[in-house]
Amino acid sequence: QVQLVESGGGKVQPGGSLRLSCAASGVIFNIYTMGWYRQAPGKERELVAFITSGGTAIYADSVKGRFTISRDNANNTVYLQMASLKPEDTAVYYCKANQRTRIYWGQGTQVTVSS
Numbered sequence: 380q381v382q383l384v385e386s387g388g389g390k391v392q393p394g395g396s397l398r399l400s401c402a403a404s405g406v407i408f409n410i411y412t413m414g415w416y417r418q419a420p421g422k423e424r425e426l427v428a429f430i431t432s433g434g435t436a437i438y439a440d441s442v443k444g445r446f447t448i449s450r451d452n453a454n455n456t457v458y459l460q461m462a463s464l465k466p467e468d469t470a471v472y473y474c475k476a477n478q479r480t481r482i483y484w485g486q487g488t489q490v491t492v493s494s
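Take a look at the structure:
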């Protein structure tokens, strides 16, 4: 059974930092592209960043230079380091794993940026 479990969300002040983690089980982790998506209230889910099995990272324009995605294949975990957080980064953040037609989602973790 495939499971993606996110952690690390919380409330932070503008300009602060958080690191999200997504631990995967039940998949051959190193062949999957791993991504982070987010969904703010009243908005559609959007891509934040993804990292391929080969380690290539792609970012949404809105987070370039502030967020860093990385993966630890030995521990089946993908990370999202978020810095210089803004109120508009407030959303539920979801982890996604995909490999060809196989797609899996985590349950999400809330990130709130507010003073």
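Whatever position you read off the sequence shown (first residue = 1), add 379 for the numbering used here.
Even glycine gets a Cβ: it sits at the ideal position worked out from N, Cα and C.
Sequence-distant residues of the same chain with beta carbon closer than 8 Å to residue i, five excluded per side
{"i": "R424", "result": "Y416, R417, Q418 and Y473"}
Cutoff 7 Å; reference residue i; Cβ partners in own chain excluding five residues on either side
{"i": "Y411", "result": "S432, A476, N477 and Q478"}
Proximity test, residue i beta-carbon vs the ligand NAD heavy atom, cut-off 7 Å
{"i": "R417", "result": "Absence of the ligand NAD from the depicted structure is noted, as is the absence of any ligand whatsoever, leaving it without description."}
Neighbour-count burial assignment, residue i, 16 or more Cβ in a 10 Å radius
{"i": "D340", "result": "Residue 340 lies beyond the residue range present for the chain, which begins at 380 and ends at 494; the question has no answer from this structure."}
{"i": "G414", "result": "buried"}
{"i": "A470", "result": "buried"}
{"i": "T488", "result": "buried"}
Residue i, DSSP secondary structure in three states
{"i": "N477", "result": "strand"}
{"i": "I482", "result": "strand"}
Beta carbon proximity, residue i to chain C, threshold 8 Å
{"i": "L464", "result": "Looking for chain C here will not work: only one protein chain is present."}
Own chain, CB closer than 6 Å to residue i, minus 5 neighbours either side, in chain order
{"i": "K390", "result": "T491"}
Inset, instruction - Can you check the segment 412-452 for any beta strand (DSSP E) of at least 3 residues that lies completely inside it and give the ranges in chain order? - result: 412-418, 425-430, 436-438 and 446-451
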